[in-house]
Every structure is written in structure tokens, then in C-alpha cells.
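Structure first, then comments.
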Amino acid sequence: MLLPSYYEFCVRVKTISGHRALEKIPGALEKLGATCPMIITDKGVAGAGLVKLVSSAMKSKGTNVKTGAVYDDVPADSDLKVIKIVTDLYRKKKCDSIIAVGGGSVMDTAKGVNILASMGGDDIMDYAGSNAVKEKLKPLIAIPTTSGTGSEVTLVAVIADHENNVKIPFTSYFLLPDVAVLDSRMTRTLPPVITAFTGMDAMTHACEAYNCLGKNPLSDTTALSAIRLISRNLLRVVKKPGDLDGRLALANGAILAGMAFSNSMVGLVHNLGHATGGVCGVPHGICMSILLPYGLEYNLHRTANLTGELLFALAGEEVYAATPKKERAEAAIAYIRQMNQDLHDATGGGHARFFNEVKNRDGDLMVPKDKLPDIARTAMGDGAKIYNPEEISYRDGLMVMEHAWEGIPLNLKKVSKGRRGQKF
Amino acid sequence: MNISNYPEIKPGIKYFKRIYIAVMLFVVGRAIQAAARVDKEVKQEFENFRDGFTFCLGVMPGGPYMLVGKDEKGRVKYLGWKKGPHKLTVDMKIKNTEAAFLVFTFQESTATAYAHDRFVVDGDLIDGLAIVRILGLVEVYLLPKIIAKLAVKRYPKWSEMSPLRKYFNRTLIYTRTLLGF
Chain A
2 MLLPSYYEFC
12 VRVKTISGHR
22 ALEKIPGALE
32 KLGATCPMII
42 TDKGVAGAGL
52 VKLVSSAMKS
62 KGTNVKTGAV
72 YDDVPADSDL
82 KVIKIVTDLY
92 RKKKCDSIIA
102 VGGGSVMDTA
112 KGVNILASMG
122 GDDIMDYAGS
132 NAVKEKLKPL
142 IAIPTTSGTG
152 SEVTLVAVIA
162 DHENNVKIPF
172 TSYFLLPDVA
182 VLDSRMTRTL
192 PPVITAFTGM
202 DAMTHACEAY
212 NCLGKNPLSD
222 TTALSAIRLI
232 SRNLLRVVKK
242 PGDLDGRLAL
252 ANGAILAGMA
262 FSNSMVGLVH
272 NLGHATGGVC
282 GVPHGICMSI
292 LLPYGLEYNL
302 HRTANLTGEL
312 LFALAGEEVY
322 AATPKKERAE
332 AAIAYIRQMN
342 QDLHDATGGG
352 HARFFNEVKN
362 RDGDLMVPKD
372 KLPDIARTAM
382 GDGAKIYNPE
392 EISYRDGLMV
402 MEHAWEGIPL
412 NLKKVSKGRR
422 GQKF
Chain B
422 MNISNYPEIK
432 PGIKYFKRIY
442 IAVMLFVVGR
452 AIQAAARVDK
462 EVKQEFENFR
472 DGFTFCLGVM
482 PGGPYMLVGK
492 DEKGRVKYLG
502 WKKGPHKLTV
512 DMKIKNTEAA
522 FLVFTFQEST
532 ATAYAHDRFV
542 VDGDLIDGLA
552 IVRILGLVEV
562 YLLPKIIAKL
572 AVKRYPKWSE
582 MSPLRKYFNR
592 TLIYTRTLLG
602 F
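Those protein sequences? They're chains A and B, same order as listed. Numbering-wise, our numbering comes out as the position in the first sequence, counting from 1, plus 1. Numbering-wise, our numbering comes out as the position in the second sequence, counting from 1, plus 421.
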């Protein structure tokens, strides 16, 4: 295991995991000194009956905890204006804590509301950027309803400013939720297509965390555990959505992957994935699942040994031992491509393998080929490129996107190579 | 126990390291000013910044610093080593003298330093990344290849920077850096 010359690792989130974990929430809130939580969620989660599940699980004898307010209209990628609206409701109802029930956007909105509600003021932009939040916030409990985001253990919130068409990052250790609750009931009704791409989102977090410049022994351990859980359970759960043990395993895989990437950062896959999402509106998980094999191929000349080690977690000890060392990296990438193929078959073509398969509800291509230069240009302004082992220029980004669009493996001769072998 | 019997131990000032870092920041600041006039890529990066853009690179908590800015006429200027009078668009701070010494002696590349959480950056991320690209180009011009390869992630190939461009621009940048224009 690689030991870098320096690293930092912090996960201060208490994790409660189980088939009946929601029932622990009142006790967790009381320990944090809170009795009047606000539930923040979105229409999809509320419509699936998950908020009712949380509310009924919170009703227990002898507890002083009572839901103060519910806001269920968080938009798809969060919004600055929504933060203000929700904070006003929080203050009006005199809430003292937040329970976030949902995916990444809900978690980011909840973190944003927590900043404003705890620090005061009316403009969240006063706290934008890195380490602008310098004191402990109100209690925040995170209950993920997708098994991919990992936002329940990250110190980042990304909130969209739709007026100016930009996404604003907020980063601080104080944004970490106090408690993350993983309950298999929260993802039981997640449709197979969404299960597939959110699972691959978590896989991407783990694989990139293992390969990028911020890697360290603690993030490596969580990343490998995440990869093992996801590779053993994802296809099984897509084929049998009611498998609660599988659902819990995926939720644990996602949180472990979140711990990994939050502390070691990510690289090319997220760099191009964020840009694709920003330019073409493609959901984050779909971008991740398509770009993951390309990201590993792009960095192969620098991180072949590390990618080869992923094969152990992906395919198991027998496949790992039977594969010659020189071939393990390619075998790991091929395994991930095969996972995408199997998910594509299991979802009846719903899980996209390449960008020219990604279509919207009207059947139109979401990533037209003429948008690829815009995506490559937008990616130049994304911070994830700093942590990628190899430099990514505009031409490199465009080259990778063209391959990912066509669905052909990356031509390694076209990759401009810097230093060979990893130096971390 | 009589507390006045115990002398107050003050941390060392690390004179040599601070002077070395100050000299490096001074040279890099003047070199950025020079490169903005000489190299088309650096010029293009600065054209994407608005007029009045000012960035600072320095060491916490109290310096040394280097400030570079773009005036109302769009000219890039080295603004000195004092933070006070300038409104900063991007403020990049290295967390301590030891971390800054690692970066400026190229024991850690800029990217590795970011991964090791050596930097605090206040300001727009897109501008911050552009500054990292500018610093990379300036390092390629200022340093011999064997050292520049330690500082940047990927040393430019001939197709990205021809030897003619590199050596010609290097001469101009060194001249302008020494003479300050």
C-alpha cells in the first residue's frame, strides 16, 4: 500500500446502518441536543412515501422530538434561491436541526440551509469557497435515498446559481453531517436504471479515490471495501430490486466510497463528468459510469500498478491470482466495461454504455457530437483536474470525450504522457 | 512552581527559508509580468481575466507575498509584495513556511502540493486554475527541464512548445525579469 509523504483524512460522521436504522433518529437527535428537526427532501422522495417512513419511524414513546417543518421541493441540482426560502421556513418554525432525506441535491441544499441557519445572514454567497465556514453548525442528519452520492460523508456542497449558470462550491469540515443513517427501506423502491447508474457513481468515487494524487492508506482501505461491496451486489440488486441485504450493501458501498473520495479527491472522470452534466444536463451517475473506464485508461501509464490492485476488489482473489501482474490493470478496466454491459442488458438498454446511447424522454441525444468541444472547454475550469495523476489539456479532454461518445476503448498512443510511474 | 523562572520560548523565524521564498516570489512575479507580454498562451489566459483582476500568492500567516494584476488598460503588472492597498480577486496562500519551501525547492510539484492540502485559495475556482496554468508555463520558461519536470505535471512536448519558442521566449522573459519591464 502506498504511503504518501503527507496526507490529511477526516470523517467525523457517525454512521448508523441497518434494516431498521431510522428508528434510531430520535435518540440521535436528543444526544445532539435537538428536538425540532426540519425535514428537507424533494418531490420524488416524498412521492415514494419515504418521508412518511422517516416521520413514522421518528414517532417513539418518551421522545421529545417532533418534526418542526417539512420542505419537499428541492430542485434537481439545488439552487441558491431555494436555500433562502428553506432557511426562512426553518427560522419561522423555530427548528433546531435538519434531517436531509434524498440524493446529492437534497444533501447539498440541506448543508447550504444549515450554513445560513447557523451562521446567520441572508446571503449564502458570504460563505462560498473553501473554509469560509469556521464554526460548528446546527445538527444535521443525512439519510441517503440513492446508493451513489456519498454526500452524507463529504465536506462539500455544490449549489447551482441558475441565474448566472454556474455552480458554487462550499467546502468546510463543518459541513459534514453529524449522523448518516443507512436504512435498506430507503432505496428499496429505487428503479433498476437509477440503481445501476448511482451504483456506478459510487464505484467511480472509489476507483478514482484509489488512483488520484490525494490517495492515502485510510482512503485506500475505504475505497477497496466500497469496490468489493458494489461489485458483489450491484447487478444482483438491479435484477432483484427487493433484495434488502443487497440494498444495504450498496448503501454501505456508497458511504465508504464517499469517505474515500472526500479525503483523496477525484480526477479526470469527474472533471469531464461535471462538464458534461453542466453543458448537456446528463445526470451525474450516467457520466461517471460511461467515463470510468476511460479515466482509468487515460492514467494507465502513471497508475497501472494501482489500477491492477483494483482487480482484487472487483473480481475477487481467484481472478486476481490467476491474472499475470502485467495484465491486471487492463483486466480491471475490462471488468468495469463488462459491468456496464451487464447493467445495460439487465435494464433492457436503460443503462447507457456510451454517450451516444444517452437519450432524453423524447428520444433525443442528450450529448450531441458537436457539443464535445464545449464540454472539453468547460472541463478546463473544473478543479478535479488538479488531482488527476496526468495533466489534462483541452485536446486531451476532447480526445477522451470523442472515444467515450463512440464507445471505443481509448487509443493509448494518443495519450500525451508526462512522468511515468506514480509519484504521490 | 514559579512561572517567571521559565523562559518564554519563541518559535524560530526561519530566516534563510523566508528569504529564499521571498526571492523566488519576486522572480516569479516579475516573470509572470514578462511572460504576459512575450508568450501567447500566457497572454491568452490573462485576456480571459477582467480588467482590474489581481491575484496574490503568498505564505501564511504574514508573508512573503507576490501580487500580480491587470490594470484598466489590460496590462499585466507585478504589483509588489505588500497586500494592503490591493483588492484581491484570487488569493492563494500556502499554509506555512515549511510547505512553501517544499514547493519552491520543487520537492513537491504544484499539483502534489494541492493534493497535500498545502494551499488555501480564496476566489473563483476557474480563475484559480488559470493561475495554476500560468505558473506552470512560467516555471517551464524559468527553469531547466530537469527541474521544471519536478514542478509541473507534464513537461510540454515539442508539438506543444517548440524549442525555438521556448528558448527565444526564455531569453526575453529572463531579460524582462531582470530589468523589470
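Even glycine gets a Cβ: it sits at the ideal position worked out from N, Cα and C.
Straight-line gap, S173(A) to N423(B) (C-alpha atoms, nearest Å): When rounded, the separation of the alpha-carbon atoms in S173(A) and N423(B) is 42 Å.
In this structure, does DSSP put F171(A) in helix, strand or coil? Looking at F171(A) - three-state DSSP - the assignment turns out to be strand.
Can you check the stretch 449-507 of chain B for any alpha helix (DSSP H) of at least 4 residues that lies completely inside it and give the ranges in chain order? Counting only runs of 4 or more, we get 461-468.
Residues bridged to T16(A) by DSSP? DSSP lists A181(A) as partners of T16(A).
Rounding to the nearest angstrom, what Cα-Cα distance links C37(A) and K139(A) in this structure? Going from the Cα of C37(A) to the Cα of K139(A) covers about 11 Å.
Suppose you measure from the CA of A520(B) to the CA of I567(B); what does that come to, to the nearest Å? Between A520(B) and I567(B), the C-alpha separation is close to 22 Å.
In chain B, which residues lie less than 8 Å from S131(A) when you measure between Cβ atoms? For S131(A), the residues of chain B that pass the 8 Å Cβ criterion are V541, V542, D543, in the order they occur in the chain.
Starting from the N-terminal side, write out each stretch of the beta strand (DSSP E) that is 3 residues or longer and does not extend beyond the stretch 94-120 of chain A. Complete beta strand (DSSP E) runs here, min 3: 98-103.
Locate the beta strand (DSSP E) running through M187(A), then write down its first and last residues. Looking at the DSSP string, M187(A) is not in any beta strand (DSSP E), and its letter there is neither H nor E.
For a contact meaning CB atoms closer than 7 Å, what does L311(A) contact in chain B? Chain B residues near L311(A): none, gap ~19 Å exceeds 7 Å.
C-beta contact flag for V154(A) and T110(A) at 8 Å: No.
Using only the alpha-carbon positions, how far apart do M476(A) and T147(A) sit? No information on residue 476(A) is available, as it lies outside the stretch 2 to 425 that chain A covers here.
Taking Cβ positions, are I41(A) and V159(A) nearer each other than 8 Å? Contact: no.
For F474(B) versus G490(B), is the C-beta distance shorter than 8 Å? The answer is yes: Cβ separation under 8 Å.
What distance in whole Å lies between the Cβ atoms of L156(A) and L141(A), which are believed to be in contact at a cut-off of 8 Å? Between the beta-carbon of L141(A) and that of L156(A) there is about 12 Å, and that puts the pair past the 8 Å contact cut.
Under three-state DSSP, which class holds K70(A)? First, the residue type needs correcting, since residue 70(A) is Ala and not Lys in the sequence shown. The answer is strand: DSSP assigns A70(A) an E or B state.
Under a three-way DSSP split, which group does S131(A) fall into? Of the three classes helix, strand and coil, the one that applies to S131(A) here is strand, per DSSP.
So, T348(A) versus V238(A), is the Cβ gap smaller than 8 Å? The answer is no: Cβ separation not under 8 Å.
Go through the stretch 357-403 of chain A residue by residue and report every complete run of the alpha helix (DSSP H) that reaches 4 residues or more, in order. The qualifying runs are 373-380.
Is DSSP giving M582(B) helix, strand or coil here? DSSP places M582(B) in coil when its eight states are reduced to three.
Counting only the same chain and skipping the five closest in sequence on each side, list residues whose C-beta sits under 8 Å from that of V463(B). For V463(B), the CB contacts under 8 Å within the same chain, skipping 5 residues up- and downstream, are I453, A456, A457, I555, L558, V559 in chain order.
My assumption, with CB atoms under 8 Å, is that E392(A) sits in contact with G419(A). Please give the rounded CB distance. Contact between E392(A) and G419(A) holds: CB atoms are separated by about 6 Å, below the 8 Å threshold.
Residue interval of the beta strand (DSSP E) (run including V573(B)): Per DSSP, V573(B) lies in no beta strand (DSSP E) segment and is marked neither H nor E.
Residues in the stretch 246-266 of chain A having any Cβ partner in chain B nearer than 9 Å: If the cut-off is 9 Å between Cβ atoms, the stretch 246-266 of chain A has S265, M266 near chain B.
To the nearest angstrom, how far is it from the Cα of V459(B) to the Cα of A385(A)? Per the coordinates, the alpha-carbon of V459(B) lies some 30 Å from the alpha-carbon of A385(A).
Does any residue of chain B have a CB that is nearer than 8 Å to the CB of P1(A)? It is not possible to answer for residue 1(A), since the shown part of chain A is limited to 2 through 425.
Rounded to whole angstroms, what's the CA-CA distance from L219(A) to E493(B)? Just pull it up for me. Taking the straight line from one Cα to the other gives about 49 Å.
Mind checking the stretch 521-539 of chain B against chain A and listing, in chain order, the residues whose C-beta falls within less than 7 Å of any C-beta there? Of all residues in the stretch 521-539 of chain B, only A532, T533, Y535, A536, H537, D538 place a beta-carbon less than 7 Å from a beta-carbon of chain A.
Tell whether a beta-carbon distance below 8 Å holds between A224(A) and A210(A). Between A224(A) and A210(A), the C-beta gap is smaller than 8 Å, which places the two residues in contact.
When you check each C-beta in the stretch 452-483 of chain B against every C-beta of chain A, which residues fall closer than 7 Å? Within the stretch 452-483 of chain B, not one residue has a Cβ closer than 7 Å to any Cβ of chain A.
Please state the DSSP three-state secondary structure of A158(A). A158(A): strand per DSSP, three-state reduction.
Backbone CA spacing between D426(A) and A227(A) [nearest angstrom]: With chain A running from 2 to 425 in the structure shown, residue 426(A) is simply not present.
Same chain only: Cβ atoms within 8 Å of K241(A), ignoring 5 sequence neighbours per side: Once the five neighbours on either side are set aside, the close Cβ partners of K241(A) are G247.
Looking only at C-alpha atoms, which of T196(A), S152(A), L51(A), M126(A) sits nearest to I1(A)? The displayed coordinates of chain A run from 2 to 425. Any statement about residue 1(A) would go beyond what the structure contains.
Could you give the residue range of the alpha helix (DSSP H) that holds K514(B)? The continuous stretches of alpha helix (DSSP H) do not include K514(B), which lies in the beta strand (DSSP E) extending over residues 511-515.
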